[in-house]
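Structure first, then comments.
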Amino acid sequence: MTTPRIGDSKVLESREADDGMTIRRRRVSADGRRFTTYERIELPQLMVLKRSGQREVFDRDKLATSVRRSVGKFLGSELAIESVVNRVEERLRQKGEDVVEYREIGNTVLDVLAEENEVAYVRYASVFSDFKTLGDFERILRERRAK
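Residue numbers for the sequence shown follow the working numbering, so the first one is 81 and each next one is one higher.
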């Protein structure tokens, strides 16, 4: 089976995604097969200042993988994870800086998860902050409850 070619297809429907940054298009190929494409607005590159002092390009997929591994099922779906990543990237870009420190990314993820799901927040905090003891968990729970 061959993959449909976009150039040989017609758009049946276009919808803007909830994030306002993505367009979903339903298409039909010349042979009648239907498929979906997604278009995302391309923004200037955001650089990450790593712990080692090196810089690398911000990678949405890497962030999504990090969130997925840390919070597991507590967000419920890939769409929820994508929403978290979108909100984190949007907040980082709103700062207006071309380079963000890795800690800033982690703290922004925590802020977004705190709004989304408290258990996901604690799970991510335990990985991001490298919890070693039960006291580490107790401290983050006290801080969360205080907020």
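Note that CB positions come from ideal geometry on N, CA and C, so glycine has one too.
CB contact flag (residue i, residue j, <8 Å)
i: valine 151; j: phenylalanine 138; result: no
i: arginine 140; j: glutamate 169; result: yes
i: arginine 232; j: leucine 123; result: Outside the modelled stretch of the chain, which goes from 81 to 227, sits residue 232, for which no answer is possible.
i: valine 165; j: glutamate 196; result: no
Enclosing alpha helix (DSSP H) for residue i [first to last residue]
i: isoleucine 185; result: 182-196
i: lysine 142; result: 140-151
Close beta carbons around residue i, own chain, < 7 Å, minus the five adjacent residues each side
i: arginine 135; result: Met127, Val128, Leu129, Val179
i: glycine 186; result: Phe208
Residue i, buried or exposed, once every other Cβ within 10 Å from all chains shown has been counted against 16
i: threonine 188; result: buried
i: valine 199; result: exposed
i: tyrosine 118; result: exposed
i: isoleucine 161; result: buried
i: isoleucine 86; result: exposed
i: leucine 50; result: No answer is possible for residue 50: it lies beyond the span of the chain, which begins at 81 and ends at 227.
i: arginine 203; result: buried
Terminal residues of the beta strand (DSSP E) in which residue i lies
i: valine 106; result: Inspection of the sequence shows that residue 106 is occupied by arginine rather than by valine. Counting along the chain, the beta strand (DSSP E) containing arginine 106 begins and ends at 102-109.
i: leucine 159; result: Per DSSP, leucine 159 belongs to no beta strand (DSSP E); it is in the alpha helix (DSSP H), 158-174.
i: leucine 129; result: 127-129
Sequence-distant residues of its chain with Cβ nearer than 8 Å to residue i (five each side left out)
i: valine 263; result: Any property of residue 263 remains undetermined from this structure, which presents the chain solely from 81 to 227.
i: threonine 102; result: Glu96, Tyr118, Glu119, Arg120, Ile121
i: arginine 149; result: Val207
i: arginine 171; result: Thr188, Asp191, Val192
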